[in-house]
Each structure stands twice: as structure tokens, then as C-alpha cells.
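Reviewing the structure listed below.
In UniProt numbering, the protein residues as written are 1 to 294.
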């Protein structure tokens, strides 16, 4: 908050920062897959902007994007080490893009949980290049300046990142087909139809459940159509009566939210191909569901 004694220069600094803040958060969130960690990065960028001689900054937006990107780069390195000790599968924290559509930037695909999870397999610098290029359409010359590398090297990192993601991802389905499969999962889960659930899954379907040590969840990915179908129905039985299921928007896609008396207890997103649902991402960690509490 800006107090009554704040001078005009600081008010101007806050106006500049506020206008670009959604972009800064979008960069940091895609880099880190965590709302809290992204907020910390953005807060640190604000502190540095306050402490800078702003009269010497010719491009305030460029300064803030560069500062945030470099802070996120450093944070991603330490976050990777922490996640190696995470209890069970780590999944990115979902965000409610229905409540905050500014997160979606120019290209929504870079916000999907499946993509954010794949980005974890890149080096932090490759991830930064991918985010700046694919989500915010920055030219490689500018990306090189932000990351203090040559334009040629930025292009090389971008090609490497895209190649890795293309190799890891299956052919995607249209959004309408994705939503249809999710609604079919919802209907099958409600009715407890094992056979119908199996029909929706690809043969090599895999389920990842993130309980974060707060909620009991599978400690390793569940692999195979039959195993995943049984795991999902078992999870529904574990939830018990009084659980409401609804379709919400998460990370620019339709997702399935399970709640009990207004408290979110699980969020399920899917990745689908023409063969069916390839991967289910089940967020059970209550610390990652705060945006979906009603």
C-alpha cells in the first residue's frame, strides 16, 4: 500500500509496476509452477524496482521483465533441488484462469499443467527461453538480452526446448474433444462404471497424484488403463458421500473439481490424444488448492 506521505516518484513507480505485474507473475509462474514462489519473485522484483534509480531506466517494462526472469531463473534452480525431496509425485500448482484471465497471455498451451510438468525436465535457462518465446512471443534477440546470452544461443536453447517437448508430448486433441473426455470421466466416476472409465483411457494411461505429504496419495505414478481406472474409482470411494463434482477452468483448460461442503479436496486435469486420455493429474495437496476454495 502507498501511504499519504509517499512522493509522486514512488506513486509513478507503482503505476508502472502495476501495469506490467500480470506479465511478471505469468513469467515467474510458468518458470516455477508455484503461485507462492512466483509471488515471492514478483515481490522481490518490486523491491528492486523501488531501490533502483528509475531516472536512469530508459525501458521500465524491459527492466522489470529482465529482473523477474533472472530472479525466476535463480529460484528455479533451488526449487529443483527441493522437489527431489518431495513426498511422492510433484505436480505444478493449478491456477484459476476463470478468475484471472490475464494469466493466459498470448498462447494458452504454455500454461497447461502437462506442459508445466514437462518444463521441469528442461534446464532453468531452456525453460526461461521457452516461456519468453512461446508464452509471450519475445524475439530471440530480446530473450538473449534478458538472459545475458547471445541471440544465436537463445535460438539454440529455444530449439532444444521445443524439440524436447515435442518428443515427450503425444498428438493433442481439439479443445472440444478434451472437454468431452473430461465430462465423460465425470459421468463415469459419478456412476462408478469401471468399464466405461476404461474405455475413455489410452492403453498406456498414467495417473499422477500429488498429496504433498498432507493427504495420502499414490507415491508413484499409476500406469496402465485397468490400474488407472481402478485407482480413480477407489479415490471416489475414499472421498465418500457428500462430495460434489463440477467442471471448472484451470490453467486455461476444463478441469474436474471435487469439493466437500465448499472445501476443495481434489482437482483433476487430463492430457488426451486420439487414443484417449493419456495422463491424469490429480492435485490432492490442500496447499495447492487454495485458488479453488469456494
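No residue lacks a Cβ here, since even glycine has one placed at the ideal position from N, Cα and C. Treat the numbers as computed from the prediction; the structure is a model and nothing was measured.
Buried or exposed: which applies to residue i, given that a residue is buried once 16 or more other Cβ atoms fall within 10 Å of its Cβ?
i: residue 85; result: exposed
i: residue 74; result: exposed
i: residue 33; result: buried
i: residue 97; result: buried
i: residue 30; result: buried
i: residue 65; result: buried
i: residue 207; result: buried
i: residue 344; result: As shown, the chain starts at 1 and ends at 294. That puts residue 344 outside it, with no answer to give.
i: residue 166; result: exposed
i: residue 140; result: buried
From the DSSP output, in three-state form, read off residue i for me.
i: residue 136; result: coil
i: residue 266; result: strand
i: residue 97; result: coil
i: residue 12; result: helix
i: residue 281; result: strand
i: residue 155; result: helix
i: residue 182; result: helix
i: residue 208; result: strand
i: residue 234; result: helix
i: residue 240; result: coil
i: residue 224; result: coil
i: residue 248; result: strand
i: residue 62; result: helix
i: residue 275; result: coil
i: residue 116; result: helix
With distance defined between alpha-carbon atoms, name the residue in the options nearest to residue i.
i: residue 276; options: 181, 262 and 116; result: 181
i: residue 12; options: 42, 29, 60 and 194; result: 60
i: residue 157; options: 220, 169 and 127; result: 127
i: residue 68; options: 115, 120, 87 and 37; result: 37
i: residue 10; options: 113, 46, 252 and 35; result: 46
i: residue 198; options: 211, 179, 224 and 212; result: 224
i: residue 210; options: 286, 17 and 42; result: 286
i: residue 58; options: 16, 21, 42 and 25; result: 16
i: residue 263; options: 288, 273 and 249; result: 288
i: residue 62; options: 195, 131, 196 and 146; result: 146
i: residue 305; options: 48, 49 and 35; result: What is shown of the chain runs 1 to 294, which leaves residue 305 out entirely.
i: residue 250; options: 112, 192, 122 and 226; result: 112
i: residue 290; options: 48, 43 and 99; result: 99
i: residue 170; options: 39, 43, 293 and 271; result: 271
i: residue 265; options: 273, 236 and 274; result: 236
i: residue 24; options: 144, 269, 71 and 120; result: 71
i: residue 239; options: 49, 260 and 192; result: 260
For the putative contact between residue i and residue j, defined by C-beta atoms under 8 Å, what is the C-beta separation to the nearest angstrom?
i: residue 247; j: residue 183; result: 7 Å
i: residue 278; j: residue 205; result: 6 Å
i: residue 76; j: residue 124; result: 4 Å
i: residue 267; j: residue 280; result: In fact, because the Cβ distance is near 11 Å, the residues do not count as touching under 8 Å.
i: residue 26; j: residue 135; result: 7 Å
i: residue 179; j: residue 254; result: 5 Å
i: residue 116; j: residue 92; result: 4 Å
i: residue 194; j: residue 229; result: 6 Å
i: residue 173; j: residue 274; result: 6 Å
i: residue 168; j: residue 200; result: Residue 168 to residue 200, Cβ: 22 Å. No contact.
Tell me where the beta strand (DSSP E) around residue i begins and ends.
i: residue 260; result: 253–260
On the DSSP letters alone, give me the boundaries of the alpha helix (DSSP H) that residue i sits inside.
i: residue 49; result: 35–51
i: residue 111; result: Looking at the DSSP string, residue 111 is not in any alpha helix (DSSP H), and its letter there is neither H nor E.
Is residue i close to chain D? Criterion is C-beta to C-beta, closer than 8 Å.
i: residue 187; result: Structure shown: chain D not included; a single protein chain is present.
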